[in-house]
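Colleague: Everything in the sequence shown is counted per this note's numbering, starting at 7 for the first residue and increasing by one. Here a beta-carbon is modelled for each residue, glycine too, at the ideal position from N, C-alpha and C. Note that this is a predicted model, so its numbers are computed, not measured. Have a look at this one before I ask anything.
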Amino acid sequence: MKEFAYERAADVSGALALLDADPGARFLGGGTNLVDLMKTGVERPARLVDVRGLPLDRIESTGDGGLRIGATVTNSDLAAHPDVRRRYPALTQAVLAGASGQLRNMATVGGNLLQRTRCGYFTDVSKPCNKRVPGSGCPAIEGEHHNHAILGASDHCVATHPSDLGVALTAFDAVVSYETADGPGELPLTEFYLPVGDTPHLETALPPGALITGVTLPPAPVAANSRYRKVRERASYAFAIGSIAAALDVHDGVVREVRLAFGAVASRPWRARAAEAALTGGPVDAAAFAAAADAELAAARPLPHNGYKVTLMRNLVVAVLSELAEEATR
């Protein structure tokens with residue numbers, strides 16, 4: 007590992023100043039992804055600015071009935087919070103589906119949103135990768151892409167985003183707050199991650215030097231009847247090969263509101279807008295759920311070895327929505 011300097015920030019303005027003073031510096035949250043990448047040489051920061059001690063570790067209700075989650079809230083504390091469990095159960099399920107208990111105790115909400123792809127070509131510095139070295143190529147397209155993207159990919163990158171938490175936050179229209187030397191800003195999570203296009207090394211719309219300070223969940227009564235389901239290749243903790251966050255509100259046999267987001271199928275959590283539009287105002291049955299999934303997955307462009315994800319996601323949509331529909335009518 008390359009040698010680096012380490013400093014602990016006492017407040018937000020101090021953290022921003024430390025980063026501004028050193029262009030090679032990076033913020034450090036739980037370090038569960040960044041430090042791993044430093045060990046392999048993918049990340050080589052000259053300085054780490056530890057932000058875990060900042061007063062950003064609270065979960066609070068907002069005046070309009072939503073939730074405000076601080077950036078340094080740990081994944082474990084987020085999953086266990088009674089308001090999260092009661093009002094956004096899919097969020098708790100998503101967090102508990104990710105990593106081990108030890109990792110969840112260290113990982114932070116802000117860091118989770120910024121974790122990098124687990125593509126093997128990205129993490130192997132002996133291989134080309136457009137995300138790590140722009141213009142060097144994407145060997146995954148012709149090589150190992152069993153777990154790679156089927157939606158929103160490009161000829162320059164087919165990697166997927168690994169976050170479970172981000173998928174649930176996307177379904178509930180979360181907004182990311184950040185602070186820069188020029189003042190605060192906000193980004194809806196659906197705009198936080200950039201389309202992969204021909205610049206896969208540019209992953210978020212955060213301004214340079216920005217520090218994530220929190221995430222706000224707007225009020226969403228539909229979220230009380232929600233679920234996160236993750237499919238992975240082994241029972242112990244592993245990254246998803248496909249996942250879904252879903253919420254459903256049913257009245258008199260008609261879908262009144264539905265939220266759907268997919269994970270592990272694109273370079274960012276994928277909000278399934280086409281499926282939501284197909285379902286809203288329609289009947290509550292498996293045929294309608296399957297048709298909605300097909301509407302969303304019509305845009306899928308699978309590679310030779312990951313076409314199974316189309317069927318996988320279709321089945322997930324039907325299964326999870328069927329369960330939510332049954333629970334909504336009890």
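Check each candidate in P140, V164, L175, D300 and name the one with the smallest Cα separation from E150.
Modeller: For E150, the nearest C-alpha among the options comes from V164.
Colleague: T186 bridges to which residues according to DSSP?
Modeller: Bridge partners of T186: G189.
Colleague: Flag this pair as yes or no: are the beta carbons of H167 and C144 separated by less than 7 Å?
Modeller: No.
Colleague: Count Cβ pairs between the segment 292 to 301 and the segment 268 to 276 that sit closer than 8 Å; are there 3 or more?
Modeller: Contact fails: fewer than three Cβ-Cβ distances are below 8 Å.
Colleague: Who are the near neighbours of V324 in its chain, counting only those whose CB is closer than 7 Å to its CB and skipping five residues on each side?
Modeller: Cβ within range, chain order: A292, F295, A296, A299.
Colleague: Roughly how many angstroms lie between the CA atoms of F355 and R265, to the nearest whole one?
Modeller: There is simply no residue 355 to check, as the chain begins at 7 and stops at 336 in what is shown.
Colleague: Hey, how far is the Cα of A16 from the Cα of P206?
Modeller: The straight-line gap from Cα to Cα measures roughly 33 Å.
Colleague: Which class does L266 belong to by DSSP, given the choice of helix, strand or coil?
Modeller: The answer is strand: DSSP assigns L266 an E or B state.
Colleague: Would you report the Cα separation of S242 and A187, rounded to the nearest angstrom?
Modeller: Straight-line Cα distance between these residues: approximately 42 Å.
Colleague: So the alpha helix (DSSP H) V326 belongs to, where does it begin and stop?
Modeller: That run of the alpha helix (DSSP H) goes 314 to 334.
Colleague: Taking C-alpha atoms, which residue in L322, V260, A267 lies nearest to T335?
Modeller: T335 has its Cα closest to that of V260, out of L322, V260, A267.
Colleague: Can I156 and P310 be called in contact, C-beta distance under 7 Å?
Modeller: Cβ atoms of I156 and P310: not closer than 7 Å.
Colleague: Helix, strand or coil for G6, going by three-state DSSP, please let me know.
Modeller: As displayed, the chain neither begins before 7 nor continues past 336, which places residue 6 out of reach and without an answer.
Colleague: For the alpha helix (DSSP H) containing F10, name the first residue and the last one.
Modeller: Counting along the chain, F10 falls outside any alpha helix (DSSP H), and DSSP gives it neither H nor E.
Colleague: Assign M319 to one of two classes, buried (16 or more other C-beta atoms within 10 Å of its C-beta) or exposed (fewer than that).
Modeller: M319 is buried by the Cβ-count criterion.
Colleague: Please determine, among A331, F33, Y127, the residue with the shortest C-alpha to C-alpha distance to R53.
Modeller: Considering only alpha carbons, the answer is F33.
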